[in-house]
Every structure is written in C-alpha cells, then in structure tokens.
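Worksheet: one structure, shown below.
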Amino acid sequence: MPMFNPDMETIDRTKLREIQLKRLRETVHRVYKNVPFYRKKFDEVGVRPEDIKSLEDITKLPFTVKNDLRDNYPFGMAAIPLEDAIELHASSGTTGSPITVVYNRHDIEDVWAEIMARCLSMAGLTKKDVFQNPIPYGLFTGAFGFHYGAQKVGALVVPSGGGQSERQLKLMKDYGTTFMSGVASYAVHLGTVAEKMGMDPKKDLKVRKGIFGAEAFSEGLKKRLAEQWDMEVYDIYGLTEMSGPGVSTDCEYHDGLHIWEDHFIVEIVDPKTGEQRGPEEEGELVLTTITKEGVPIIRYRTHDLTHLYDSTSCDCGRTHARMAPVKARTDDMFIIRGTNIFPSQIEWVLMRNPKVGGNYQIILTTDGDMDQLNVVVESKQKLSEEESAALEKELTSQIKAVLTLTPRVKVVGPGEIPKEGIKAKRVIDKRKK
Ligand SMILES: [Zn+2]
283 MPMFNPDMET IDRTKLREIQ LKRLRETVHR VYKNVPFYRK KFDEVGVRPE
333 DIKSLEDITK LPFTVKNDLR DNYPFGMAAI PLEDAIELHA SSGTTGSPIT
383 VVYNRHDIED VWAEIMARCL SMAGLTKKDV FQNPIPYGLF TGAFGFHYGA
433 QKVGALVVPS GGGQSERQLK LMKDYGTTFM SGVASYAVHL GTVAEKMGMD
483 PKKDLKVRKG IFGAEAFSEG LKKRLAEQWD MEVYDIYGLT EMSGPGVSTD
533 CEYHDGLHIW EDHFIVEIVD PKTGEQRGPE EEGELVLTTI TKEGVPIIRY
583 RTHDLTHLYD STSCDCGRTH ARMAPVKART DDMFIIRGTN IFPSQIEWVL
633 MRNPKVGGNY QIILTTDGDM DQLNVVVESK QKLSEEESAA LEKELTSQIK
683 AVLTLTPRVK VVGPGEIPKE GIKAKRVIDK RKK
C-alpha cells in the first residue's frame with residue numbers, strides 16, 4: 283500500500299525521538315509564553331520550560347483535562363492571536379461549554395490535512411478513489427478532517443454531509459463511490475436501509491473500503507460491516523483536542539493503530555494515580571501535541587483505555603508506535619450492582635450473533651431497590667414472537683456468561699430503535715439517583 287509520506291512514516295526511531303524532543307521543547311516554550319493557564323500550572327508545580335531536557339522529562343509537566351478547556355472557554359487556551367486563526371471547531375456541548383479549538387494555516391495544512399492524508403493512504407485511499415463523506419459538516423471536526431485529508435491525497439471528495447440515508451445511497455450509486463468514511467454504526471444502518479430499498483451493497487454499490495471513527499466499535503461490528511458491504515474496514519482514532527480525527531489508524535495488517543509520533547507524544551498512564559505504564563500494559567491514553575500552534579495541549583487525559591505495543595516494527599514498514607483499538611472510555615464505564623461494565627462487552631456478545639441487527643441500546647433502570655440492566659436489540663430480520671423469545675433467552679445467557687450479571691433482553695424488529703444524530707446513543711441511565 284503506498285504511503286503518503288514514506289520518509290517520515292518509516293523514519294528511524296532514534297531520529298524520530300530527536301524530532302519529538304525538539305518539538306516538545308518548542309511547544310512547552312510556546313505555551314509558557316502565550317497561554318496564562320499553562321504558565322500558572324507550570325509555576326504551581328515548579329517546572330520551567332528549560333527543565334525539559336529529555337523526552338522522559340515530560341512526566342514533570344502537569345496533565346491537562348477536559349474541564350481545563352471548558353474553564354478557559356472560548357479562547358483562553360489559544361497560543362496565537364485570534365487574527366492568525368483561520369478555522370474553529372468545537373465538540374458537543376451537552377454538558378457545559380463546548381470544547382473549542384482554533385487552527386492557524388499551519389495547523390490545518392501541515393498538521394491536520396497531513397496526518398489525515400497519511401491515515402487515509404494507510405487505509406488504501408488513492409487519487410483514483412471517489413470518497414464519500416457522510417458526516418455532518420459543521421462545528422464538529424469529523425467531516426472537515428476527512429475532507430482535507432482526502433483532498434490532500436487527491437481523491438474525488440463527495441461532501442454528502444450527514445443523514446438522509448436514501449440520498450446517501452443514491453449518491454453512492456450515481457457517483458460510483460469506492461471509499462466511505464464516518465461512524466461504523468451509521469454505515470451498518472446505511473447497509474440496512476440499502477437492503478430495505480432492494481439493493482445489495484455488495485453487488486449494487488462499489489464501496490470496498492471504509493474508515494470509521496468517533497466511537498469505539500467491537501470486532502463483531504467490524505466483521506458485520508465487512509460482510510454487509512464486502513468492504514475492508516479501517517479504524518481511525520482522534521479527538522477535537524488533538525485536531526480531530528487523524529491521531530492514529532490501523533494499517534493493512536489490522537494489528538493496532540499507528541500513532542503519528544512526529545505530531546503527538548503518546549503515554550499510557552494508570553487512570554487512578556497518573557503514573558506512566560509500560561508497553562503492553564493497559565491504561566489511559568495521554569497525548570501531547572508537538573506541532574499544533576493554535577491550541578497546543580500538554581499531556582491530555584483522553585479517558586480512553588488502551589495499551590501500546592511493545593514492538594515498534596510492523597510488516598507494513600512503518601516505525602511509528604501502535605496502540606490497541608480503544609477498548610472503552612473510562613467515562614463510558616458504568617457500575618451496576620458493584621460490577622464495572624463497559625458497553626463494548628455487551629456489544630461484543632450481540633454482534634457475534636448472526637440473528638442480531640445493527641442497533642442496540644443499554645438502559646439502566648431501578649426496580650424496587652435493585653439496579654436493572656436492560657438490553658434492547660434489533661433483530662436482523664423480522665422475527666415471530668416465538669423466535670424473538672428464543673433469541674432473548676439465548677442473548678440473556680450469553681451476556682450473563684460475560685458479565686456475571688443477568689440482563690433483561692428485549693428483541694425488537696429491524697429499524698425499531700430510534701437513531702438520534704450520527705453517533706448511536708448506547709447507554710441510557712434512568713436509575714433513581
Ligand atoms: Zn503497520
């Protein structure tokens with residue numbers, strides 16, 4: 283598979299570390315000089331920019347958390363004058379102020395478009411592809427990141443935007459879309475709509491590659507998508523605070539996601555103590571931007587649980603570190619009757635079952651004094667009452683085997699769970715507090 287930037291993607295790791303140190307030091311100087319929030323934080327822990335003499339010294343720097351960005355809303359984290367910014371993005375503001383970031387021209391062209399072009403090329407995008415981008419264009423980073431990256435590769439971008447599934451499918455057919463982006467659960471939904479319209483995505487559409495992010499998706503969902511579309515599925519990771527999508531993607535060997543270490547310094551820490559953990563040890567992903575100028579971020583606590591691979595050599599030839607696909611977010615986890623549960627554990631069970639459709643919800647309720655775990659799931663085909671009851675029984679015992687907790691499973695027909703927006707709302711907590 284051709285690389286977008288082979289010199290950098292296969293760089294010798296000693297050289298890579300030299301670049302990282304130089305860029306880390308520049309970033310630390312930049313934020314100390316230009317962002318009062320960081321100057322205050324560094325002063326509080328008694329660290330000066332000149333104290334960063336090696337990459338290991340990064341642990342002397344304080345963490346940044348989501349609330350720091352909220353508290354400094356809208357532009358308090360910016361390290362450039364606003365007149366030098368050319369674009370703004372913000373993430374959802376369902377709780378408190380939205381996380382807002384600004385980009386200068388360098389951030390858009392040399393950082394974001396560059397890392398996205400590398401990710402998309404890694405997933406096989408070439409200038410011959412017709413790239414459909416079924417993501418809402420707006421304040422969120424998703425659509426623009428894919429758009430800039432795919433243009434940089436030279437593909438033909440179809441900016442179809444969010445929603446309107448039947449229209450998306452018509453565009454795919456008419457324009458001969460070969461490559462799609464977006465959110466995995468939405469792609470499964472699109473496939474289901476296509477089937478309802480009497481189309482077989484495998485035969486009637488040319489989409490053979492897809493790159494999906496914005497939500498953790500299980501191996502089961504990946505497999506489901508691959509079969510439904512006859513598509514090679516790639517996983518992309520990113521977040522608004524780090525530019526947007528583009529931090530990492532899996533290569534054709536699908537064994538971990540390569541992180542662009544010339545743009546980000548990656549650490550794994552113990553979510554409770556903040557102590558660094560070694561390769562192969564699971565913990566919270568912490569990222570530092572070392573090239574972004576608009577809103578550089580030091581040691582950002584992502585709340586995403588993963589681990590780094592010990593080996594830095596991959597059959598694809600890239601030397602950049604690999605992370606495991608994000609297993610769960612520490613803040614997605616819920617506790618029910620004293621058990622820690624990640625929605626991905628339930629998804630894993632559901633998606634392995636061929637009778638299960640693409641959509642499900644986990645609803646937590648209180649029944650008397652007891653917390654109750656309810657799982658509502660769509661069947662793939664319309665089922666009779668007896669068939670639904672049998673499937674409910676089967677899924678109940680399979681979920682119980684994984685969680686050691688008995689859920690209440692309800693099977694509903696295809697398309698019966700309402701979809702709001704592009705990201706599926708998976709967990710609804712209705713418990714009495
Ligand atoms: Zn690789």
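The sequence shown lines up with residues 283 to 715 when you count with the working numbering.
Where is the CB? At the ideal position from N, CA and C, for every residue including glycine.
So residue i and residue j are in contact, right, with Cβ under 8 Å, and what is the actual spacing, rounded?
{"i": "L453", "j": "S442", "result": "5 Å"}
{"i": "R619", "j": "D653", "result": "6 Å"}
{"i": "F494", "j": "G464", "result": "6 Å"}
{"i": "M462", "j": "V489", "result": "5 Å"}
{"i": "V440", "j": "V412", "result": "6 Å"}
{"i": "A606", "j": "V548", "result": "Incorrect: roughly 12 Å between the Cβ atoms, too far for contact."}
{"i": "Y385", "j": "A367", "result": "6 Å"}
{"i": "I277", "j": "T601", "result": "No statement about residue 277 is possible, as the shown extent of the chain runs from 283 to 715 and does not include it."}
{"i": "F319", "j": "D350", "result": "7 Å"}
{"i": "K662", "j": "K637", "result": "6 Å"}
Quick one, are the C-beta atoms of residue i and residue j less than 8 Å apart?
{"i": "S530", "j": "I541", "result": "yes"}
{"i": "R305", "j": "T573", "result": "yes"}
{"i": "P696", "j": "K664", "result": "yes"}
{"i": "A437", "j": "L472", "result": "no"}
{"i": "T225", "j": "V383", "result": "This structure gives no information on residue 225, because the portion of the chain shown stretches from 283 to 715."}
{"i": "N635", "j": "E660", "result": "no"}
{"i": "W630", "j": "G502", "result": "yes"}
{"i": "E566", "j": "P553", "result": "yes"}
{"i": "M290", "j": "D544", "result": "yes"}
{"i": "V317", "j": "M359", "result": "yes"}
{"i": "L632", "j": "A610", "result": "no"}
{"i": "K491", "j": "T460", "result": "yes"}
{"i": "S403", "j": "M481", "result": "no"}
{"i": "Y430", "j": "I381", "result": "no"}
{"i": "A405", "j": "Y516", "result": "yes"}
Does any CB atom of chain C fall closer than 8 Å to the CB of residue i?
{"i": "D653", "result": "As a matter of chain content, chain C is missing from the structure shown, which is built from one protein chain."}
Can you tell me where the beta strand (DSSP E) with residue i in it begins and where it stops?
{"i": "R583", "result": "582-588"}
{"i": "I618", "result": "616-618"}
{"i": "H429", "result": "Note, H429: premise wrong, no beta strand (DSSP E); alpha helix (DSSP H) at 424-435."}
{"i": "V657", "result": "652-661"}
{"i": "E369", "result": "369-372"}
{"i": "E316", "result": "What sits at residue 316 in the sequence shown is Asn, not Glu. Run containing N316: none in the beta strand (DSSP E); it sits in the alpha helix (DSSP H), 295-316."}
{"i": "L453", "result": "Run containing L453: none in the beta strand (DSSP E); it sits in the alpha helix (DSSP H), 447-457."}
{"i": "K554", "result": "No beta strand (DSSP E) contains K554, which DSSP labels as neither H nor E."}
{"i": "I334", "result": "I334 -> no beta strand (DSSP E), and no H or E assigned at all."}
{"i": "F494", "result": "491-494"}
{"i": "V439", "result": "438-440"}
To which residues of the same chain is residue i closer than 8 Å at the C-beta, ignoring the five residues directly before and after it?
{"i": "H311", "result": "P331"}
{"i": "I710", "result": "Q643, I644, I645, L646"}
{"i": "V722", "result": "There is simply no residue 722 to check, as the chain begins at 283 and stops at 715 in what is shown."}
{"i": "M479", "result": "E448, L451"}
{"i": "Q302", "result": "L337, E543, D544, I547, I572"}
{"i": "I362", "result": "N316, V384, N386, E575, G576"}
Under the DSSP definition of a beta bridge, which residues are partnered with residue i?
{"i": "I417", "result": "In DSSP, I417 forms no bridge with anything."}
{"i": "F716", "result": "With the chain covering 283 to 715 only, the question about residue 716 has no answer from this structure."}
{"i": "M605", "result": "L539, L590"}
{"i": "I710", "result": "I645"}
{"i": "A610", "result": "L587"}
{"i": "Y519", "result": "S530"}
{"i": "T382", "result": "A372"}
{"i": "M462", "result": "Q414, G492"}
{"i": "G565", "result": "T588"}
{"i": "T408", "result": "Paired residues: none, contrary to the question."}
{"i": "E514", "result": "K491"}
Which residue marks the beginning of the alpha helix (DSSP H) containing residue i, and which one marks its end?
{"i": "A672", "result": "667-685"}
{"i": "T688", "result": "Unbroken run through T688: none, as it is neither H nor E."}
{"i": "N349", "result": "348-353"}
{"i": "T474", "result": "466-478"}
{"i": "K505", "result": "501-511"}
{"i": "I397", "result": "395-404"}
{"i": "I628", "result": "625-633"}
{"i": "K484", "result": "483-486"}
{"i": "D289", "result": "288-291"}
Return the chain-ordered list of same chain residues with a C-beta closer than 6 Å to the C-beta of residue i, the five sequence neighbours on each side being excluded.
{"i": "T648", "result": "R713, K714"}
{"i": "F499", "result": "A466"}
{"i": "K692", "result": "V658"}
{"i": "L677", "result": "V691"}
{"i": "E396", "result": "none"}
{"i": "I580", "result": "L343, T346, T570"}
{"i": "I334", "result": "R307, V310"}
{"i": "D597", "result": "Y535"}
Could you name the residues of the same chain whose beta carbon sits closer than 7 Å to that of residue i, not counting the 5 residues immediately before and after it, in chain order?
{"i": "G424", "result": "I417, A496, G526, P527"}
{"i": "Q510", "result": "V470, G473, P483"}
{"i": "I628", "result": "I644, V657, I681"}
{"i": "R708", "result": "P625, Q643, I644"}
At a cut-off of 7 Å, is residue i close to ligand 2 when judged by its beta-carbon and the heavy atoms of the ligand?
{"i": "R713", "result": "Summarising the ligand content, the structure contains ligand 1 and does not contain ligand 2."}
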